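Below you'll find the structure, written out as structure tokens, and then a few comments.
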Amino acid sequence: MKISTLLLANPAFITATVFAATLRPVPDFGDNPGNNQMLIYVPDQLAPNPAVIVALHGCLEPALTYYLEVKDLPPASDKHGFIIIYPDTQKDSHCWDVATNKSLTHNKGSDSLSIVSMVKYAIAKYNADPSKVFAIGSSSGAMMSQVLAAAYPDVFSAVSAYSGLPYGCLRGSPGSSPFTSDPACSKGEVRKSGVEWATEVRSAWPGYNGSYPPVQIWHGTADQVLDPQNLQEEIKQWTTVFEVQLTQKRKDDPSDGYTRSIYGDGTQFESYLAEGVGHVVPTQVQETLRWFGLF
Numbered sequence: 104m105k106i107s108t109l110l111l112a113n114p115a116f117i118t119a120t121v122f123a124a125t126l127r128p129v130p131d132f133g134d135n136p137g138n139n140q141m142l143i144y145v146p147d148q149l150a151p152n153p154a155v156i157v158a159l160h161g162c163l164e165p166a167l168t169y170y171l172e173v174k175d176l177p178p179a180s181d182k183h184g185f186i187i188i189y190p191d192t193q194k195d196s197h198c199w200d201v202a203t204n205k206s207l208t209h210n211k212g213s214d215s216l217s218i219v220s221m222v223k224y225a226i227a228k229y230n231a232d233p234s235k236v237f238a239i240g241s242s243s244g245a246m247m248s249q250v251l252a253a254a255y256p257d258v259f260s261a262v263s264a265y266s267g268l269p270y271g272c273l274r275g276s277p278g279s280s281p282f283t284s285d286p287a288c289s290k291g292e293v294r295k296s297g298v299e300w301a302t303e304v305r306s307a308w309p310g311y312n313g314s315y316p317p318v319q320i321w322h323g324t325a326d327q328v329l330d331p332q333n334l335q336e337e338i339k340q341w342t343t344v345f346e347v348q349l350t351q352k353r354k355d356d357p358s359d360g361y362t363r364s365i366y367g368d369g370t371q372f373e374s375y376l377a378e379g380v381g382h383v384v385p386t387q388v389q390e391t392l393r394w395f396g397l398f
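Quick note: the sequence shown uses my numbering, first residue 104, plus one each step.
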């Protein structure tokens with residue numbers, strides 16, 4: 104693995120899996136109202152007009168850790184030629200801002216707009232395909248993935264969220280971390296109708312009448328950090344947005360103990376419930392890339 108000089112100071116890389124390309128920082132990627140950092144992984148064999156995946160870390164960990172945790176993603180990039188952006192936030196215990204109206208609203212600022220700037224940088228520099236921009240995230244990153252789907256449906260083509268919360272659940276909370284946020288949401292005590300949740304999504308971009316990117320969500324039944332009830336709230340939210348209903352359940356898909364629920368024709372929304380799995384559900388890279396239509 105080739106690592107920039109700036110990253111060599113991080114001892115976590117000593118035991119990292121060897122990948123073909125270089126993970127490097129991008130110090131000046133454009134408008135950055137969230138004061139975030141950008142790391143980028145560009146495969147040696149870049150596809151023509153490559154896709155871009157934004158990989159969003161959870162709380163209490165930097166982007167470098169997420170890069171190492173989701174170890175199947177860089178090799179997939181090497182194989183298929185897509186770009187991976189690893190945004191980083193260092194404030195509020197490394198949690199993404201999913202509480203302020205700035206971050207929750209289209210073009211208003213904070214972390215979400217900084218991430219969009221990173222995407223625009225990658226599209227311009229590498230001639231990436233703007234119709235193939237995706238987001239994957241775990242925990243706080245799953246929350247931000249859904250913020251991006253709601254607030255920037257003109258930028259993102261699909262998202263995959265592992266062990267998160269519904270969009271808008273923490274709106275107005277003092278913070279977005281386990282230490283600063285209103286605990287009612289993480290406990291699964293914020294319960295709304297599908298119409299109420301869908302209204303939250305539509306408030307992200309007032310006046311927007313277009314479609315929203317397909318959403319894939321995952322949650323474990325033994326999650327003691329973000330109560331599994333939040334999966335049900337996410338289901339209510341996005342099935343109402345997409346106007347779809349449950350059409351099929353598949354047990355042991357993609358592996359033992361997982362139940363995959365398909366809604367409508369299966370192209371706009373699907374959910375996975377992982378029996379006995381805590382926080383967070385391990386990232387299923389192959390299933391996420393399938394959802395993104397990358398193979």
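Virtual Cβ for every residue (Gly too), placed ideally from N, Cα, C. Quantities reported herein were computed from a predicted structural model and do not represent experimental measurements.
I'd like to know if residue i contacts chain C, where contact means its C-beta is closer than 8 angstroms to some C-beta of that chain.
{"i": "D285", "result": "In the structure shown, chain C cannot be found, because there is only a single protein chain."}
Pick from the options: whose alpha carbon is nearest that of residue i?
{"i": "P233", "options": "H209, T386 and S220", "result": "S220"}
{"i": "E378", "options": "Q387, A325, I338 and V344", "result": "A325"}
{"i": "S358", "options": "T386, F395 and L334", "result": "T386"}
{"i": "F398", "options": "S206, G184 and V129", "result": "G184"}
{"i": "W308", "options": "T125, V250 and A287", "result": "V250"}
{"i": "T302", "options": "Q340, S279 and I186", "result": "Q340"}
Check whether the Cβ atoms of residue i and residue j lie closer than 8 angstroms to each other.
{"i": "V380", "j": "S242", "result": "no"}
{"i": "S248", "j": "G267", "result": "yes"}
{"i": "V304", "j": "V262", "result": "no"}
{"i": "A231", "j": "N152", "result": "yes"}
{"i": "G240", "j": "A202", "result": "no"}
{"i": "A166", "j": "L392", "result": "no"}
{"i": "G297", "j": "K223", "result": "no"}
Using 10 angstroms around the beta-carbon of residue i, count the other beta-carbons present and answer buried if the total reaches 16, otherwise exposed.
{"i": "M104", "result": "Note that M104 scores 36 on pLDDT, short of 50, meaning its location in the model is unreliable; the coordinates nonetheless yield the value given after this. Looking at its Cβ environment, which holds fewer than 16 other Cβ atoms inside 10 Å, M104 is exposed."}
{"i": "V145", "result": "buried"}
{"i": "Q389", "result": "exposed"}
{"i": "L349", "result": "exposed"}
{"i": "E337", "result": "buried"}
{"i": "V236", "result": "buried"}
{"i": "P269", "result": "buried"}
{"i": "F282", "result": "exposed"}
{"i": "S314", "result": "exposed"}
Discussion item. Taking 8 angstroms as the cut-off, does the segment 362-378 touch the segment 316-328 (at least 3 CB pairs, one atom from each stretch)?
Written reply: yes
Worksheet item: Contact between the segment 136-152 and the segment 207-216: three or more CB pairs below 8 angstroms?
Response: yes
Worksheet item: Residue ranges of each beta strand (DSSP E) run of no fewer than 3 residues wholly in the segment 140-215, ordered along the chain?
Response: Runs found: 140-145, 155-159 and 186-191.
Discussion item. Using 8 angstroms as the cut-off, can you tell me whether the segment 184-192 makes contact with the segment 154-165, which would need three or more C-beta pairs spanning the two stretches below that distance?
Written reply: yes
Discussion item. If contact is defined by three or more beta carbon pairs under 8 angstroms, each pair taking one atom from either stretch, is the segment 242-255 in contact with the segment 174-182?
Written reply: no
Worksheet item: Going along the chain, which unbroken runs of the alpha helix (DSSP H) with 4 or more residues stay wholly within the segment 289-353?
Response: If you keep only unbroken alpha helix (DSSP H) runs of at least 4 residues inside the segment 289-353, you get 297-305 and 332-345.
Worksheet item: Fully enclosed by the segment 261-293, which beta strand (DSSP E) runs are 3 residues long or longer?
Response: 261-265
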